[in-house]
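Residues 192 to 666 in the numbering used here are what the sequence shown lists, from first letter to last. We put the beta carbon where it would ideally sit given N, CA and C, even for glycine. No experiment lies behind these values; they were computed from the predicted model shown. Working notes for the structure below.
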Amino acid sequence: MPKIRVKWPDGRICGICFTDATHVYGTCPTCDDENRMLPGRDDSGRAICRNCAGITTKLECAVCGREAERFRRGACARCVVRTDLTALVRPGADLRLRRLVDTLSGVDRPESIYTYMRGARARALLTAIGTRELPLTQDAFDRLEPGPAVEHLRALLAHNRMLPERGVDERVHRFERWIAARLATLPDDGTRDRIERFATWHHLKRVRARALEPDVNIETVTHAAKQEITEAGKFLIWLRSAHGIGSAQLRQRHVDDYLSDGTSTRKHVRNFLRWLNRDENRRSKVDRLDAPFREAQSEPLLKQSERVALVRNCLEWEQVALSTRIAGLILLLWAQPLNKIVMLRHEHTAFGVNGMTLTLGQHPTAVPHAVADLFWQHLEAPGKPRTVNAGTSWLFPGTQAGRNLHPGTLSERLKVLGIDAQRERNATLRDLAQEVDARTLIDLLGYSKPVVARYAARAGGPMSDYVDLKRPKLP
192 MPKIRVKWPD
202 GRICGICFTD
212 ATHVYGTCPT
222 CDDENRMLPG
232 RDDSGRAICR
242 NCAGITTKLE
252 CAVCGREAER
262 FRRGACARCV
272 VRTDLTALVR
282 PGADLRLRRL
292 VDTLSGVDRP
302 ESIYTYMRGA
312 RARALLTAIG
322 TRELPLTQDA
332 FDRLEPGPAV
342 EHLRALLAHN
352 RMLPERGVDE
362 RVHRFERWIA
372 ARLATLPDDG
382 TRDRIERFAT
392 WHHLKRVRAR
402 ALEPDVNIET
412 VTHAAKQEIT
422 EAGKFLIWLR
432 SAHGIGSAQL
442 RQRHVDDYLS
452 DGTSTRKHVR
462 NFLRWLNRDE
472 NRRSKVDRLD
482 APFREAQSEP
492 LLKQSERVAL
502 VRNCLEWEQV
512 ALSTRIAGLI
522 LLLWAQPLNK
532 IVMLRHEHTA
542 FGVNGMTLTL
552 GQHPTAVPHA
562 VADLFWQHLE
572 APGKPRTVNA
582 GTSWLFPGTQ
592 AGRNLHPGTL
602 SERLKVLGID
612 AQRERNATLR
622 DLAQEVDART
632 LIDLLGYSKP
642 VVARYAARAG
652 GPMSDYVDLK
662 RPKLP
């Protein structure tokens, strides 16, 4: 049973409920006093101020005087963070470090910053900044051992212009560092050189180009690239171990031998083999190498009644974060993949005389009136962000400053609503392919022609309009 922290007029309050209650602010509906903490409850369950609730617990910060939970020695969490951070980074006259203190202590939930600062790695980084051993430069951060604490602080500093901008996506540089670290683990028998060429000229070149496209989720691109580079390295190591040869002597029978055993992830060598065909000028059909696509063993689907029930969950489950419910609706109504949902920005929404629209492809699509109110609430959510990710245009901001939510994180959050992202997307796209013509799906949802055609075939829908896709659109 939770430990009781205080007794208030409306009952005994445990520690968790006490913290939740003391983080509610607004206008008291009883006395109309504005900007008050609202820890109490009236007979109808509305949040009310301490005076109206008859709460006598000391809830003023001994440092700033603000109504707040006393976090340490009478001070609120915000003042504790400010004091501790000032002692660590020693801002003095450095305006960037002063802004760092203001930014971290000014978030809606400073308790999260306090927890972050207690981590050994984060504390060491902040201390190094304070002693000036760690300059606020990108090169200095590049020399640090990679890790979440380093990237979190780097993102925060860059987003708030305390660290010089690189001009390209930081995740591209992180991918470059990953390549260097991966190459260091490979044997120097020709394997490392071959994988370095593949990683640099095939993947890194593509990643740099895709990073310039505003709607591309570069995390998804680099994840796929890392998987292919890793599997290519494993393949060359196996080739040397099992047959004593390098890539120059590789033949299709060796590929078939490799794919006949082991896990299905071995099929990720497909792009590497095709790159070898070009790199080693394998022109004859006898010498050319290939591997089959890696396809899912089964495609989980969903009944229409089940999908409707999940939409209802998104509309009605108010205990789930509104942002998660909105993401669920975008997946269930428009079959958008998670890596595209997390890339949506405020400018993808628009408002006109006919209501709200959401741009997912070449043309905007109407947001149904039944769900438009939820979208409004999400876009107009009051108050400051709870994390350091302030001033962002992402519809689904992540925990790192300036970054969008990671697709994997969103996938886990959607499970609370009963949503299996892959299954629900497959079902929605299958149903849409039965009901909507191909050209409309492509223009409104942003899917490619092959994907739309494949789902239409699986859905058993008419294929005549999919044949028309081969014809150019009229001006």
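Contiguous alpha helix (DSSP H) elements confined to the segment 361-435 occur at 361-374, 382-388, 396-402 and 409-434, taking only those with 4 or more residues. The C-beta of HIS343 has 16 or more other C-beta atoms within 10 Å across all chains shown, which makes the residue buried. About 47 Å separates the Cβ atoms of ARG503 and ASP481, ruling out a contact at the 8 Å cut-off.
In this model, CYS270 and ASN617 are separated by some 49 Å (Cα to Cα). Take VAL272, set aside five residues on each side of it, and the residues of its chain with a beta-carbon closer than 8 Å to its own are LEU295, SER296, PRO301, ILE304, TYR305 and MET308, in chain order. With a cut-off of 8 Å on Cβ pairs, the segment 394-408 is in contact with the segment 526-535, counting three or more such pairs. Cβ atoms of LEU374 and ARG383 come within 8 Å of each other, at about 5 Å.
Rounded to whole angstroms, ARG401 and ARG362 show a C-alpha spacing of 12 Å. Taken through DSSP and simplified to helix, strand or coil, GLY202 comes out as strand. Look at the beta carbons and you see the segment 244-259 touching the segment 223-231: at least three pairs across the two are nearer than 8 Å.
A direct Cα-to-Cα measurement between ILE195 and ARG264 gives close to 20 Å.
Residue range 301-309 is occupied by the alpha helix (DSSP H) that includes MET308.
For GLY519, no beta strand (DSSP E) segment is defined; the enclosing uninterrupted segment is the alpha helix (DSSP H) at 513-525. The residue from ILE207, HIS214, THR210 and ALA238 with its alpha-carbon nearest to that of PRO220 is ALA238. If you check the CB distance, LEU317 and LEU279 come in under 8 Å. For THR456, there is no enclosing alpha helix (DSSP H), as DSSP marks it with neither H nor E. In this structure, the CA atom of ALA512 is about 16 Å from the CA atom of ASP299. Counting along the chain, PHE542 sits inside the beta strand (DSSP E) bounded by residues 540-543. Judged by their CB atoms, PRO588 and LEU601 are not nearer to each other than the 8 Å cut-off. Assignment of THR556 by DSSP, reduced to helix, strand and coil, places it in the strand class.
Take GLU225, set aside five residues on each side of it, and the residues of its chain with a beta-carbon closer than 7 Å to its own are THR218, in chain order. Shown here, THR277 sits in a helix according to DSSP, grouped into three states. Excluding sequence positions up to five before and after THR411, its CB lies within less than 6 Å of the CB of ASN530, all in the same chain and listed in chain order.
Counting along the chain, GLY599 sits inside the alpha helix (DSSP H) bounded by residues 598-605. In its chain, beyond the 5 residues on either side, HIS539, THR540, PRO555, THR556 and VAL558 have a beta carbon closer than 7 Å to the beta carbon of LEU549. Here TRP585 carries a strand assignment [DSSP, helix/strand/coil]. Counting along the chain, LEU549 sits inside the beta strand (DSSP E) bounded by residues 546-549. Listed as beta-bridge partners of GLY231 by DSSP are ILE239.
Residue GLY552 holds the alpha-carbon nearest to the alpha-carbon of LEU535 among GLY552, LEU524 and GLY546. With distances taken between CA atoms, ARG479 lies nearest to GLN440 out of GLN440, ALA500 and ASN545. Taking the Cα positions, ARG614 is about 29 Å away from GLN591.
Looking at the DSSP output, VAL197 bridges to ILE204. Note that the C-beta distance between LYS425 and TRP369 is not below 8 Å. Taking a 10 Å sphere around the C-beta of ALA500, we find fewer than 16 other C-beta atoms and assign the residue as exposed.
ARG604 and ILE420 have their C-alpha atoms some 30 Å from each other.
In the structure shown, GLU497 adopts helical secondary structure according to DSSP, grouped into three states.
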